[in-house]
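Enquirer:
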Amino acid sequence: MKVIIAGGGIGGMSAALALLRRGIDVEVYEQASVLKEVGAGIQISPNGCRALDSLGVFQALKALSCDPVRKEFRLWNTGKAWPLFDLGKSAIEKYGYPYLTVYRPDLLDTLVNAVQALKPDAIHLGACAAGLKQDDTRATLVLADGREIQGDLLMGADGWRSVIRNTLWGECNPAFSGMVTWRGLIPMEVLPGHMQAHVGSTWIGPGAHVVSYPLHRGEIMNFVATIENKIWTANAGSEAGTIEECLSDFAGWHEDVQTMIRLAPSLLKWALMKREPIERWSLGRVSLLGDACHATLPFLAQGAVHSIEDGVVLARCLEQGLSMPAAALQRYESARLERTSRMVRGATSNTGRFHSPELATEASAELYLQREWGAEPIADRYDWLYAYDAENVAI
Ligand SMILES: Cc1cc2nc3c(=O)[nH]c(=O)nc-3n(C[C@H](O)[C@H](O)[C@H](O)COP(=O)(O)OP(=O)(O)OC[C@H]3O[C@@H](n4cnc5c(N)ncnc54)[C@H](O)[C@@H]3O)c2cc1C
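Be aware that the sequence shown starts at 112, since it is given in my numbering, and climbs by one per residue.
Following this line, the structure appears as structure tokens:
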């Protein structure tokens, strides 16, 4: 069996690796002329680490990343801290894997190296998907330069503006959520000593929140700041921003937040996109994975992790269904649709939890955090995510 994958991001590469490891041939077609991830951080929760371990790359990634000791909430103005999760020892005790914070290019490079070790010529660059064709015996990826690439199956891993999804199901790109995220990377050594701890912090306040965590063996601090009620006019999903504009968005926030903004060598602004989960992914010999089918707000930090899980489950379904590929794709979709839809809805509902008006003062925040972020509600909202085992879940 040969699977054609459109899109060589984290999702496409994870699927390619999962398939090659099960002896299924793969060709990846990526529009960019070089393989590149955004220079930013990514959180890989225990379910993601478990899936990466089943792909044989967890140890390599762990060596490049950072496993912070804990995650905590900080109040936007006073900086008061409340513990959220222990990310190291107790994550391992509870879920079998830690919670890593990773530099995105390290993750993509690790996946690409593993794919190329199994099939050196699997990845084709400068190859932009423009459409598809299929019949009872094969699926064809049509490239913008007119080439037609045939395989037994075609997977759209081409991100939130997926051409493959829009060709299958009609144009249904996610829409601007009204929220903008600022992203920057700060060399750890330039931060004041008290800000260099290996801790993930989520600063929460009415209408906005700021996430910071260490990356790349602790050499970099990742800065991600989200604010509501913004306007987005650019055609692209991101654009350069200025430190002054970011400081004005977070005026009145704690001095540590202002310090991170001032010390960021550059800052990019991202439009956050949102959409209700789509109801169907697969048609005949074509299906979807990653943001192409479950684009999400990043407030559960699960978009990429779920795209890695997709690849593992897809490969298991295809391995079991080599003689009936279209049925195997339906089984893959059934195994993944409910979980990914719950994840997308959960991320949306975290918007209000991170940005509640009750966070205005320390007194009201204290009561709010006890109610919404105590041990029990956290377990209800996160255990089902972190305990999932893509390699062994029923399919
Ligand atoms: C601010 C922010 C923070 C986030 N934090 C986290 C986090 O901590 N943890 C987490 O798990 N997730 C996080 N996410 C979500 C995560 O980034 C995405 O879910 C993930 O990158 C999706 O991977 P993908 O491979 O499906 O899509 P993409 O990363 O978008 O990759 C798609 C690939 O397809 C290529 N492509 C596009 N169109 C075509 C075409 N026509 N032909 C060929 N190739 C094409 C693109 O060039 C790209 O390489 C975050 C997102 C944001 C915005």
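Backbone N, C-alpha and C fix where the C-beta goes; we use that ideal spot for every residue, glycine too.
According to DSSP, is His327 helix, strand or coil?
Expert: It is helical.
Enquirer: Mapping DSSP to helix, strand and coil, what is Tyr497?
Expert: Helix at Tyr497.
Enquirer: Kindly indicate the opening and closing residues of the alpha helix (DSSP H) around Leu296.
Expert: Run containing Leu296: none in the alpha helix (DSSP H); it sits in the beta strand (DSSP E), 286-298.
Enquirer: Can you give, in chain order, each stretch of the beta strand (DSSP E) that sits fully within the region 227-283 and has at least 3 residues?
Expert: Runs of the beta strand (DSSP E) inside the region 227-283: 240-245, 250-254, 259-262, 264-267.
Enquirer: Does chain D have any CB closer than 9 Å to the CB of Thr344?
Expert: You won't find chain D in this structure, because it holds only one protein chain.
Enquirer: Counting pairs of beta carbons, one from the region 421-428 and one from the region 119-130, are three or more of them closer than 8 Å?
Expert: Output reads yes: the region 119-130 touches the region 421-428.
Enquirer: Flag Glu444 as yes when its Cβ comes closer than 8 Å to any non-hydrogen atom of ligand 1, and as no otherwise.
Expert: No.
Enquirer: Using a Cβ-Cβ cutoff of less than 8 Å, which residues in the same chain neighbour Val301 once the five nearest sequence positions on both sides are dropped?
Expert: Only Leu374 meet the Cβ criterion.
Enquirer: Give the DSSP bridge partners of Thr370, in chain order.
Expert: Answer by DSSP bridge pairing: none, since Thr370 is not bridged.
Enquirer: In whole angstroms, give me the CA-to-CA distance for Ala471 and Glu141.
Expert: Approximately 45 Å between the Cα atoms of the pair.
Enquirer: Could you check what DSSP says for Thr472 in three-state terms: helix, strand or coil?
Expert: If DSSP states are grouped into helix, strand and coil, Thr472 belongs with coil.
Enquirer: If we ignore side chains and look at the alpha-carbon of each, how far apart do Glu387 and Ala286 end up?
Expert: If I take the Cα positions, the gap works out to 10 Å.
Enquirer: At a threshold of 8 Å, does Leu186 count as lining ligand 1 (C-beta to nearest heavy atom)?
Expert: Answer for Leu186: no, Cβ out of range of ligand 1.
Enquirer: I believe Leu279 touches Val397 by the beta-carbon criterion, under 8 Å. Please report the beta-carbon distance rounded to the nearest angstrom.
Expert: That belief holds up - the Cβ atoms of Leu279 and Val397 are roughly 6 Å apart, short of 8 Å.
Enquirer: List the endpoints of the continuous alpha helix (DSSP H) containing Met124.
Expert: Its alpha helix (DSSP H) spans residues 121-132.
Enquirer: For Val455, report the span of its alpha helix (DSSP H) as first-last.
Expert: Taken as a continuous stretch (DSSP letters only), the alpha helix (DSSP H) holding Val455 covers 436-465.
Enquirer: Who are the Cβ neighbours of Gly295 in its own chain at under 6 Å, not counting the five residues just before and after it?
Expert: Counting only Cβ-Cβ distances below 6 Å, and skipping sequence neighbours, we find Phe334, Ala375, Leu378.
Enquirer: Say yes only if the C-beta of Thr370 is nearer than 8 Å to one or more non-hydrogen atoms of ligand 1, and no if none qualify.
Expert: Not so, every heavy atom of ligand 1 lies at least 8 Å from the Cβ.
Enquirer: Please report the distance separating the alpha-carbon of Phe361 from that of Pro303.
Expert: The alpha-carbon atoms of Phe361 and Pro303 are separated by roughly 19 Å.
Enquirer: With C-beta atoms as the reference, is Met454 less than 9 Å away from His417?
Expert: Yes.
Enquirer: If we count the other Cβ atoms within 10 Å of its Cβ and call it buried at 16 or more, is Ser144 buried or exposed?
Expert: Classification for Ser144: exposed.
Enquirer: Pick from Ala192, Cys177, Asn188, Leu480: whose alpha carbon is nearest that of Ser312?
Expert: Checked all of Ala192, Cys177, Asn188, Leu480; the closest Cα to Ser312 is Ala192.
Enquirer: Starting from Asp178, trace the alpha helix (DSSP H) both ways and give me its first and last residue.
Expert: Note, Asp178: premise wrong, no alpha helix (DSSP H); not H, not E.
Enquirer: Taking the beta carbon of Met100 as the centre, do at least 16 other beta carbons fall within 10 Å, making it buried, or is it exposed?
Expert: Nothing about residue 100 can be read from this structure; the chain reaches only from 112 to 506.
Enquirer: What separation, rounded to the nearest whole angstrom, lies between the Cα atoms of Ser323 and Asn277?
Expert: Cα-Cα distance, rounded: 35 Å.
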